[in-house]
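K.L.:
Numbering (the working numbering), first residue to last: 1227 to 1612. Sending over a structure as structure tokens; questions will come in a sec.
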């Protein structure tokens, strides 16, 4: 028994059959979904998107055009000139084909392509409407703009390089000044510390020397006191033992010998420290004299430069492309070469040596009188002022 049931999920354009009877559905089944009501513009938009996607798919799987081989060969040669391998390009192309197509991206790229095509068509119309003179004028204007932009870039690059060089020079000068200040104050601090140590040691030596002097005076006073007591006991009739006198004398002599030895050591140390302090003072004085001479020399050089500037003007370095470069190099060669200085000095000295000096040509002390004319023609050309 063949019994047909209506489809519970009909297609969007489903229309119920006229002879299907009443709208009865099988039990435990849902009614078919209703077709959504869509605006005509939305339908057209979706249809355009689907058509565009189908066209892209058809274009991707289209047959090879007759001139495609030549285009592929030209693209491969262009890629070889640019350093890109054709195999890599093919791999990238395959990978791009495998990626899914996004409708939004395709639309954006299509819009961009349309804008570019419109701009290109506009430029083509302008070029077609212009004559050769206008095109040349536009080319000259464009070239001038390119040259100006190029010059601005070069000037910006050169100014940047100059700023970097000035910054490096400034950092170098700052480092040198900091080093000089550090060395200056470091040397002063070191000298001050050495002087404090030397003064401290010298004070200790002087203190020990004074202690030795007091110990020597104490031994002498003890010897005098014993002698006075011995004399008083002798007046009272009491005699001391000779052994005690000898023992006392030996101990006093031993103490005096030790004191004398220590005194010699301390005296030698005192002399060494005094010599060191005197030497240091002399060195400091010598450094101060050298510094003063250097300052005076620098002031003299500055004064000489100032006088030269007032007499001869500012001395600017001459560029190698300057026509005066050879002349300045000739006249300034004594400032850079010792041999040139000796040669110039020798050339000048030969005019100031006494007469009869080999190789010399002394300048006469009096007036240089002209020689007599050697011919009648020369005589007729002279003026008789007598």
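Just so you know, even glycine gets a beta-carbon here, dropped at the ideal spot from N, CA and C. Keep in mind the model is a prediction, meaning the values are calculated, not measured.
#1: Look up residue 1474 in the DSSP assignment and say whether it is helix, strand or coil.
#2: Any C-beta of chain D sitting closer than 8 angstroms to the C-beta of residue 1332?
#3: Classify residue 1260 as helix, strand or coil using the three-state DSSP reduction.
#4: With burial defined as no fewer than 16 other Cβ atoms inside 10 Å of the residue's Cβ, what is the status of residue 1431: buried or exposed?
#5: In the DSSP assignment, find the alpha helix (DSSP H) that holds residue 1568 and state where it starts and stops.
#6: Closest to residue 1556 by C-alpha separation, out of 1566, 1517, 1547, would be which residue?
#7: Would residue 1438 and residue 1478 qualify as a contact pair, given that the criterion is a beta-carbon distance under 8 angstroms?
#8: If the criterion is Cβ atoms closer than 8 angstroms, does the pair residue 1404 and residue 1496 meet it?
#9: Are the Cβ atoms of residue 1587 and residue 1571 separated by less than 8 angstroms?
#10: Nearest CA to the CA of residue 1450: which residue from 1462, 1471, 1434?
#11: Where does residue 1383 land, buried or exposed, given buried means 16+ other C-beta within 10 angstroms?
#12: Please state whether DSSP places residue 1599 in a helix, a strand or coil.
#13: Taking the alpha helix (DSSP H) that residue 1331 belongs to, which residues open and close that run?
#14: Hey, residue 1482 and residue 1442: beta-carbon distance below 8 angstroms or not?
#15: Excluding the five sequence neighbours on either side, which residues of its own chain have a C-beta within less than 6 angstroms of the C-beta of residue 1600, listed in chain order?
#16: Tell me whether residue 1492 is buried or exposed, calling it buried when 16 or more other Cβ atoms sit within 10 Å of its Cβ.
#17: Give a yes or no on contact between the segment 1413-1423 and the segment 1506-1515, applying the rule of three or more CB pairs nearer than 8 angstroms.
#18: In whole angstroms, what separates the C-alpha of residue 1399 from that of residue 1409?
#19: Report the rounded CA-to-CA distance for residue 1543 versus residue 1551, giving the unit in angstroms.
#20: What did DSSP end up calling residue 1546 once you bin it into helix, strand or coil?
P.N.:
Let me lay it out:
#1: helix
#2: In the displayed structure, chain D is absent; only one protein chain is listed.
#3: With a pLDDT of 47 at residue 1260, under the threshold of 50, the modelled position of this residue cannot be trusted, and the question is left open.
#4: buried
#5: 1564-1575
#6: 1566
#7: no
#8: no
#9: no
#10: 1471
#11: exposed
#12: coil
#13: 1329-1355
#14: yes
#15: none
#16: buried
#17: yes
#18: 15 angstroms
#19: 9 angstroms
#20: coil
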